[in-house]
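A short worksheet on the structure shown next.
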Amino acid sequence: MREKEQAKDTRGTVLRIWGYLRRQTWALAGTVVLVAAASGLGLLGPYLMGMAIDDYILKNDLPGLARTALLMLGTYLLGSLTTWLQTYVMAGASQRAVRDMRDDLFAKLQTLSLRFFDRHTHGELMSRLANDVENISNVLNESVTQLISSLLSLVGVAAMMFLINARLAVVSLVTIPLMMFLSQWIAKRTRKGFREQQETLGQLNGIIEETVTGQRVVKAYVREEVAIEQFDAANRKLRWASTHAQVFAGAIGPLTNFVNNVGFAIVAGAGGWMAVQGLATVGTIASFVNYARQFARPLNDPVGHRRRGARVRNH
Amino acid sequence: MKSARKLIRYLKPYWHWAVLAPLLMGLEVAIVIVNTGLLMVGLAFLGAVGGVGCTAFSVLASQGFGTDLRSALFRQVQSLSFGNLDRLETGQLITRLTNDVTQVQEVVSMMLRIMVRAPLMLIGSLIMAVLTSPRLALMLVVLGPLVLAALAWVINRAYPLFSQVQRRLDDLNAVMQENLAGVRVVKAFVRAAHEIQRFGTVNEGLMAQTIRAARTVAVTMPAVMLALNLGIVGAIWFGGRQVTYGQMQVGQLIAFVNYLMRTLMSVMFVSMLAMRLARAEASADRIQEVLDGRPEVQNRPEVLEAFVPQGRVAFENVTFSYDGDGHDPVLKGISFVAEPGQTVALLGATGSGKSSLIHLIPRFYDVTGGRVTIDGVDVRDVDKAALRRNIGIALQESVLFTGTIGDNIRYGRPDASDEEVIAAAKAAQAHDFIVEFPDGYDTVLGQRGVNLSGGQKQRIAIARALLTQPVVLILDDSTSSVDVETEVKIQEALDELLKARTGPSASLRTSPSTGLRKGPSASLRTGPSTELRKGPSASLRTGPSTGLRKGPSASLRTSFVIAQRISTVLNASKILVLDDGQIVAEGTHRELLASSPIYREIYESQLGNGVIAHVGA
Numbered sequence: 005m006r007e008k009e010q011a012k013d014t015r016g017t018v019l020r021i022w023g024y025l026r027r028q029t030w031a032l033a034g035t036v037v038l039v040a041a042a043s044g045l046g047l048l049g050p051y052l053m054g055m056a057i058d059d060y061i062l063k064n065d066l067p068g069l070a071r072t073a074l075l076m077l078g079t080y081l082l083g084s085l086t087t088w089l090q091t092y093v094m095a096g097a098s099q100r101a102v103r104d105m106r107d108d109l110f111a112k113l114q115t116l117s118l119r120f121f122d123r124h125t126h127g128e129l130m131s132r133l134a135n136d137v138e139n140i141s142n143v144l145n146e147s148v149t150q151l152i153s154s155l156l157s158l159v160g161v162a163a164m165m166f167l168i169n170a171r172l173a174v175v176s177l178v179t180i181p182l183m184m185f186l187s188q189w190i191a192k193r194t195r196k197g198f199r200e201q202q203e204t205l206g207q208l209n210g211i212i213e214e215t216v217t218g219q220r221v222v223k224a225y226v227r228e229e230v231a232i233e234q235f236d237a238a239n240r241k242l243r244w245a246s247t248h249a250q251v252f253a254g255a256i257g258p259l260t261n262f263v264n265n266v267g268f269a270i271v272a273g274a275g276g277w278m279a280v281q282g283l284a285t286v287g288t289i290a291s292f293v294n295y296a297r298q299f300a301r302p303l304n305d306p307v308g309h310r311r312r313g314a315r316v317r318n319h
Numbered sequence: 039m040k041s042a043r044k045l046i047r048y049l050k051p052y053w054h055w056a057v058l059a060p061l062l063m064g065l066e067v068a069i070v071i072v073n074t075g076l077l078m079v080g081l082a083f084l085g086a087v088g089g090v091g092c093t094a095f096s097v098l099a100s101q102g103f104g105t106d107l108r109s110a111l112f113r114q115v116q117s118l119s120f121g122n123l124d125r126l127e128t129g130q131l132i133t134r135l136t137n138d139v140t141q142v143q144e145v146v147s148m149m150l151r152i153m154v155r156a157p158l159m160l161i162g163s164l165i166m167a168v169l170t171s172p173r174l175a176l177m178l179v180v181l182g183p184l185v186l187a188a189l190a191w192v193i194n195r196a197y198p199l200f201s202q203v204q205r206r207l208d209d210l211n212a213v214m215q216e217n218l219a220g221v222r223v224v225k226a227f228v229r230a231a232h233e234i235q236r237f238g239t240v241n242e243g244l245m246a247q248t249i250r251a252a253r254t255v256a257v258t259m260p261a262v263m264l265a266l267n268l269g270i271v272g273a274i275w276f277g278g279r280q281v282t283y284g285q286m287q288v289g290q291l292i293a294f295v296n297y298l299m300r301t302l303m304s305v306m307f308v309s310m311l312a313m314r315l316a317r318a319e320a321s322a323d324r325i326q327e328v329l330d331g332r333p334e335v336q337n338r339p340e341v342l343e344a345f346v347p348q349g350r351v352a353f354e355n356v357t358f359s360y361d362g363d364g365h366d367p368v369l370k371g372i373s374f375v376a377e378p379g380q381t382v383a384l385l386g387a388t389g390s391g392k393s394s395l396i397h398l399i400p401r402f403y404d405v406t407g408g409r410v411t412i413d414g415v416d417v418r419d420v421d422k423a424a425l426r427r428n429i430g431i432a433l434q435e436s437v438l439f440t441g442t443i444g445d446n447i448r449y450g451r452p453d454a455s456d457e458e459v460i461a462a463a464k465a466a467q468a469h470d471f472i473v474e475f476p477d478g479y480d481t482v483l484g485q486r487g488v489n490l491s492g493g494q495k496q497r498i499a500i501a502r503a504l505l506t507q508p509v510v511l512i513l514d515d516s517t518s519s520v521d522v523e524t525e526v527k528i529q530e531a532l533d534e535l536l537k538a539r540t541g542p543s544a545s546l547r548t549s550p551s552t553g554l555r556k557g558p559s560a561s562l563r564t565g566p567s568t569e570l571r572k573g574p575s576a577s578l579r580t581g582p583s584t585g586l587r588k589g590p591s592a593s594l595r596t597s598f599v600i601a602q603r604i605s606t607v608l609n610a611s612k613i614l615v616l617d618d619g620q621i622v623a624e625g626t627h628r629e630l631l632a633s634s635p636i637y638r639e640i641y642e643s644q645l646g647n648g649v650i651a652h653v654g655a
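Chains as they are written, first to last, in our numbering: chain A, 5 to 319; chain B, 39 to 655.
See the structure below:
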């Protein structure tokens with residue numbers, strides 16, 4: 005007996021979840037510092053590589069190369085360490101937040117009147133406490149830090165590119181509008197599809213919850229066949245709605261790859277030409293090729309976030 | 039990975055899509071690898087077409103898979119018996135049908151996309167790396183196995199950890215379920231603080247285990263990244279030396295680093311897939327557990343498919359235990375007979391076995407020993423559906439479904455006329471509150487519509503049971519949330535109604551007594567049952583009948599009533615007092631008052647609140 009209305013009050017939901025997360029002050033502060041450190045170290049790696057090529061390899065400076073290689077080694081080690089620590093700390097923080105959420109929900113249930121329990125089925129309440137909180141937990145675990153680090157690296161990579169070679173940076177970024185355009189084009193087509201998918205999924209879950217909760221009544225009145233018919237209709241509807249939505253959404257990945265490959269070609273081609281003209285160094289090109297790849301990742305990610313986020317229901 | 043493999047058969051109908059998807063991905067990979075030279079952009083475009091095609095077909099295949107799996111699971115749940123349902127628990131079943139299926143489906147979709155992409159990318163990049171610099175490629179011989187070993191280590195640890203998480207989640211669900219089931223007791227005894235503490239403990243356990251699992255998995259990404267970056271440092275150092283010695287060109291070095299990254303990236307994809315697979319395996323296990331379940335109550339090979347009894351219900355030395363092997367029997371040596379037209383009331387403390395007893399009549403459970411018969415036929419010799427169509431039951435927890443009030447009353451007989459629905463509602467004392475809603479019987483129930491109180495729900499559930507014109511009517515404590523006065527009214531209406539079972543359905547049952555056993559039943563009909571059918575029923579079939587009565591051929595209804603209040607049972611033809619699974623007293627109100635101390639005690643304890651005054655004997 006429940007309609008799921010996603011995104012109706014997403015802001016309110018996000019704020020509420022944030023309220024729980026905020027209690028983990030230290031862990032959260034630590035995570036932000038670690039994410040920033042990890043992103044910074046991630047930017048340093050390719051820069052050092054460029055330096056190693058330009059300043060040492062091409063100048064036959066082996067001791068210098070050794071120093072830089074060691075520096076790179078240290079950077080990468082620290083980078084992995086901070087990434088690990090960040091996930092480690094965040095896992096604790098998000099799970100503690102989820103625990104508080106569950107505790108509060110359960111305590112709240114104890115204060116509600118019998119009338120409330122008459123009006124909501126056990127299955128419905130169970131589903132809220134278990135499934136929905138679990139979904140929030142997954143999103144907190146996977147997405148929050150990813151989102152922060154994606155944004156940081158996006159800005160960081162752009163800044164590094166401009167710092168190293170502004171002209172090549174401009175050339176590298178020409179694919180961004182193309183990417184944006186493609187994303188928009190697809191988003192327009194998927195938005196309606198995803199909404200439809202969520203609606204049909206809500207209907208189907210409603211039927212499942214209701215039937216399974218009332219399973220004993222269904223059996224007592226020999227209504228199994230009718231229940232199956234009802235379920236099948238909703239199941240079929242969901243199948244086509246999700247297929248429609250996901251075929252379009254799924255195109256983003258390969259299309260991003262396409263844009264990346266084009267970007268790769270442009271950076272390699274323009275970089276090569278600029279190197280010949282003395283406008284860029286070989287090391288710069290090596291760094292840029294590396295950065296370009298980091299750039300593509302955060303642009304890819306938001307779609308995944310949205311999809312995961314959509315699974316969380318509002319209550 | 040056993041469960042996951044078993045579930046893969048649901049992918050079979052979509053094999054053409056499932057095959058096309060990786061093939062197209064192969065096209066994309068092939069193009070990405072040779073992406074040097076002028077043709078690059080054009081080829082990249084072709085690659086994108088391959089990639090988009092791959093996604094499209096993998097979506098088609100995985101959605102088909104998920105739909106079929108969900109459907110198979112739902113059908114299985116429909117076929118399960120009460121015993122199976124008790125064990126699987128409602129909340130868990132819902133989780134399996136929703137979350138778990140989605141988990142498995144997403145992994146299938148991911149697998150179709152990455153299964154071919156990653157290995158091809160791996161091999162392709164590897165070949166290119168070797169071609170670019172065989173000497174530098176030697177590094178991969180060391181790094182590759184190292185990465186794989188690390189991955190295997192994490193995955194081996196992750197799977198048991200995630201199953202542990204699942205178990206802790208089940209613990210949490212169990213506490214929650216118990217709390218919901220006993221919400222009235224919790225409130226009555228002010229045990230909320232204790233319950234909150236109990237929940238806090240399992241919640242803490244779940245959190246600790248989830249953190250442990252998440253932290254173990256947290257090593258994966260940084261470790262693989264580190265391996266990748268070690269490769270880069272190695273390439274820069276060794277390759278850089280070669281460049282300074284003039285054995286290699288800088289361009290080659292950059293290309294090698296590039297291929298190296300692609301190689302290790304694909305390893306990363308594989309590891310991500312493996313992680314997801316480990317988590318989905320837990321879901322697959324839970325789905326498989328439901329699919330493997332065998333309904334406890336099954337039809338025997340030869341059953342009566344047409345069964346229209348008169349309603350003589352007999353328990354013959356019945357023993358019953360929920361685990362089926364005779365341990366902790368909840369019913370012991372139960373024997374009694376309920377004649378058509380009689381109302382049998384069951385009285386006893388919580389846990390004395392009242393509900394268990396009446397659940398044996400519609401075969402919600404099967405007896406462990408002895409037998410339950412209707413008109414002398416063992417209920418296990420009757421088709422489950424045919425048997426249940428003769429029995430109307432209002433269960434303890436009155437569940438209603440989305441739809442109008444009218445739909446809900448019609449639940450067991452969708453073709454019933456409006457007059458019949460109203461008559462049933464009137465008898466259940468539901469008519470008055472229903473017509474007070476602006477939409478009356480068309481009032482929509484549920485989230486979007488009106489919510490009913492517990493007592494209102496119960497009355498609708500009673501109307502629903504009455505409308506099916508059952509031969510046997512069972513009211514399982516179904517007036518517990520109704521106030522005393524309304525309950526008395528319901529009881530009076532039922533007393534009238536219970537004596538008559540008629541209406542359009544009678545025509546379906548052919549002529550009342552002679553045509554009862556036709557068709558396949560004939561072979562099963564044996565001596566004793568015919569004799570049993572004679573006797574009191576004929577003489578009783580003259581009582582008053584109002585309300586629902588319409589058809590010319592009235593026959594009698596047997597009814598069972600479980601109640602907490604003694605006022606509900608005063609007028610019963612027979613009262614069974616249960617204690618610890620045994621009948622400790624049996625008789626009418628007057629008889630029991632004289633003979634049974636337990637009954638007298640219950641009677642006197644309830645006299646105080648003035649209930650009895652309403653019910654003039």
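Glycine included, each C-beta is placed from N, C-alpha and C at the ideal position.
Residues of the segment 148 to 173 of chain B in Cβ contact with chain A at a cutoff of 9 Å, in chain order, please. 151
- Item | Residue environment, residue 172/B, which counts as buried when at least 16 other CB atoms sit within 10 Å | For the purposes of this step, residue 172/B is identified with residue 134 of the second sequence, where counting begins at 1. Classification for residue 172/B: exposed.
Option nearest residue 210/B by Cα separation, candidates 224/B, 196/B, 222/B and 239/B | The residue given as residue 210/B occupies position 172 in the second sequence. Nearest C-alpha to residue 210/B: 239/B.
So what's residue 188/A in DSSP terms, helix, strand or just coil?
What you label residue 188/A is simply residue 184 of the first sequence in a count that begins at 1. Correct three-state label for residue 188/A: helix.
Quiz item: Using the beta-carbon of each residue, which ones in chain B are nearer than 9 Å to residue 214/A?
Solution: Looking up residue 214/A in the first sequence gives position 210. 437, 439, 440 and 484, listed in chain order.
- Query: So residue 252/A is in the beta strand (DSSP E); what residue range does that whole segment cover?
  - Reply: Against the first sequence, residue 252/A aligns to sequence position 248. First-last for residue 252/A: 228 to 254, but that is the alpha helix (DSSP H), not the beta strand (DSSP E).
Exercise. Find out if the Cβ-Cβ distance for the pair residue 237/A, residue 197/A is shorter than 9 Å.
Key: In the first sequence, the residue the question calls residue 237/A occupies position 233. In the first sequence, the residue the question calls residue 197/A occupies position 193. In this structure, residue 197/A does not lie closer than 9 Å to residue 237/A by Cβ.
Limits of the unbroken beta strand (DSSP E) element including residue 63/A: Within the first sequence, residue 63/A is the residue found at index 59, counting from 1. Run containing residue 63/A: none; DSSP gives neither H nor E here.
Compare the C-beta of residue 555/B against all C-beta atoms of chain A and say whether one is closer than 9 Å. As a position in the second sequence, residue 555/B is number 517, starting the count at 1. The predicted model places residue 555/B with a pLDDT of 37, which falls under 50 and marks its position as unreliable, so this point remains unresolved.
- Item | Local Cβ density within 10 Å of residue 388/B, reported as buried at 16 or more and exposed below that | Reading the second sequence from its first residue, position 350 is the one you call residue 388/B. That one is exposed.
Count the other CB atoms within 10 Å of the CB of residue 119/A; is the residue buried (16 or more) or exposed (fewer)? By one-based count along the first sequence, residue 119/A stands at place 115. By the 10 Å Cβ count, residue 119/A comes out exposed.
Review point. Which residue spans inside the segment 379 to 441 of chain B form an unbroken alpha helix (DSSP H) run of at least 4?
Key: Segments of the alpha helix (DSSP H) lying fully in the segment 379 to 441 of chain B: 392 to 397 and 422 to 426.
Starting from residue 517/B and walking both ways along the alpha helix (DSSP H), at which residues does that stretch end? For the purposes of this step, residue 517/B is identified with residue 479 of the second sequence, where counting begins at 1. No alpha helix (DSSP H) holds residue 517/B; DSSP gives it neither H nor E.
Starting from the C-beta of residue 617/B, find all residues in its chain whose C-beta is less than 8 Å away, skip the five residues before and the five after it, and write them out in chain order. Working through the second sequence from its first residue, we reach residue 617/B at position 579. Within the same chain, residue 617/B has close Cβ partners 386, 387, 390 and 636.
Review point. Taking buried to mean at least 16 other C-beta atoms within 10 Å of its own C-beta, is residue 581/B buried or exposed?
Key: Locating residue 581/B in the second sequence gives position 543, counting from the first residue. Per-residue confidence for residue 581/B stands at a pLDDT of 36, beneath the threshold of 50, marking its modelled position as unreliable; no derived number is given.
Q) Would residue 345/B count as contacting chain A if we go by Cβ distances under 9 Å? A) As a working mapping, residue 345/B is identified with position 307 in the second sequence. The Cβ of residue 345/B sits no closer than 9 Å to any Cβ of chain A.
- What residues from chain A crowd round residue 267/B, counting only those whose CB sits closer than 9 Å? Here residue 267/B refers to the residue found at position 229 when the second sequence is read from its first residue. Result: 49, 76, 77, 79, 80, 81, 83 and 84.
task: Answer with buried or exposed for residue 67/A, where buried requires no fewer than 16 other C-beta atoms within 10 angstroms of its C-beta.
output: If you number the first sequence from 1, residue 67/A lands on position 63. Exposed, because fewer than 16 other Cβ atoms sit within 10 Å of the Cβ of residue 67/A.
### Message
Based on DSSP bridge pairs, tell me the residues matched to residue 372/B.
### Response
Here residue 372/B corresponds to residue number 334 of the second sequence, with the count starting at 1. Note: residue 372/B sits in a beta bridge opposite 356/B.
Contacts around residue 374/B, its chain only, beta-carbon distance under 7 Å, and the 5 residues preceding and following it disregarded: Against the second sequence, residue 374/B aligns to sequence position 336. These residues qualify, in order along the chain: 353, 614, 621 and 624.
Would you kindly report the start and end of the unbroken alpha helix (DSSP H) that includes residue 257/B? Here residue 257/B refers to the residue found at position 219 of the second sequence. No alpha helix (DSSP H) contains residue 257/B, which DSSP labels as neither H nor E.
Open item on the list: Between 438/B, 469/B and 418/B, which has its C-alpha nearest residue 343/B's C-alpha?
Closed with: What you label residue 343/B is simply residue 305 of the second sequence in a count that begins at 1. Comparing Cα-Cα distances from residue 343/B to each of 438/B, 469/B and 418/B, the minimum goes to 418/B.
Quick test of the definition: if touching needs 3 or more C-beta pairs under 8 Å, does the segment 100 to 118 of chain A touch the segment 17 to 36 of chain A? yes
**Q.** N- and C-terminal bounds of the beta strand (DSSP E) containing residue 623/B
**A.** Counting from 1 along the second sequence, the entry for residue 623/B is found at position 585. Following the DSSP letters along the chain, one finds residue 623/B inside the beta strand (DSSP E) bounded by residues 620 to 625.
Problem - Beta-carbon spacing of residue 600/B, residue 515/B below 9 Å - result: Counting from 1 along the second sequence, the entry for residue 600/B is found at position 562. Counting from 1 along the second sequence, the entry for residue 515/B is found at position 477. Cβ distance < 9 Å, so residue 600/B and residue 515/B count as in contact.
Point to revise | Proximal chain B residues relative to residue 110/A, where beta-carbon distance stays under 9 Å | key: Counted from its first residue, the first sequence places residue 110/A at position 106. Residues of chain B passing the Cβ test: 213, 214, 217, 233, 234, 237, 238 and 241.
Inset, instruction - Could you have a look at residue 179/A and say whether DSSP puts it in helix, strand or coil? - result: Indexing the first sequence from 1 puts residue 179/A at position 175. Note: residue 179/A maps to helix in three-state DSSP.
Inset, instruction - Using a Cβ-Cβ cut-off of 9 Å, state whether residue 636/B counts as contacting chain A. - result: Position 598 of the second sequence, counting from 1, holds the residue named residue 636/B. So no, residue 636/B is outside the interface.
Open item on the list: Just verifying my parser: in three-state terms, what is the DSSP assignment at residue 314/A?
Closed with: Reading the first sequence from its first residue, position 310 is the one you call residue 314/A. Legend: pLDDT at residue 314/A = 37, less than 50; position of this residue unreliable, no value from coordinates given.
Whole angstroms are fine: how far does the CA of residue 235/A sit from the CA of residue 207/A? For the purposes of this step, residue 207/A is identified with residue 203 of the first sequence, where counting begins at 1. For the purposes of this step, residue 235/A is identified with residue 231 of the first sequence, where counting begins at 1. Taking the straight line joining both Cα atoms gives about 10 Å.
Between the C-alpha atoms of residue 436/B and residue 322/B, what's the straight-line distance to the nearest angstrom? Reading the second sequence from its first residue, position 398 is the one you call residue 436/B. Reading the second sequence from its first residue, position 284 is the one you call residue 322/B. Going from the Cα of residue 436/B to the Cα of residue 322/B covers about 33 Å.
| query | Taking all protein chains shown into account, do 16 or more other C-beta atoms lie within 10 angstroms of the C-beta of residue 512/B, making it buried, or fewer, making it exposed? | reply | In the second sequence, residue 512/B corresponds to position 474, counting from 1. Buried is the label assigned to residue 512/B, since at least 16 other Cβ atoms lie within 10 Å of its Cβ.
Backbone secondary structure at residue 288/A - three-state DSSP:
Looking up residue 288/A in the first sequence gives position 284. Residue 288/A falls in the helix class under three-state DSSP.
Notebook entry, point to check: How many angstroms separate the CA atom of residue 221/B from the CA atom of residue 449/B?
Noted result: The count along the second sequence starts at 1 and reaches residue 221/B at position 183. The count along the second sequence starts at 1 and reaches residue 449/B at position 411. So the two alpha carbons sit approximately 28 Å from each other.
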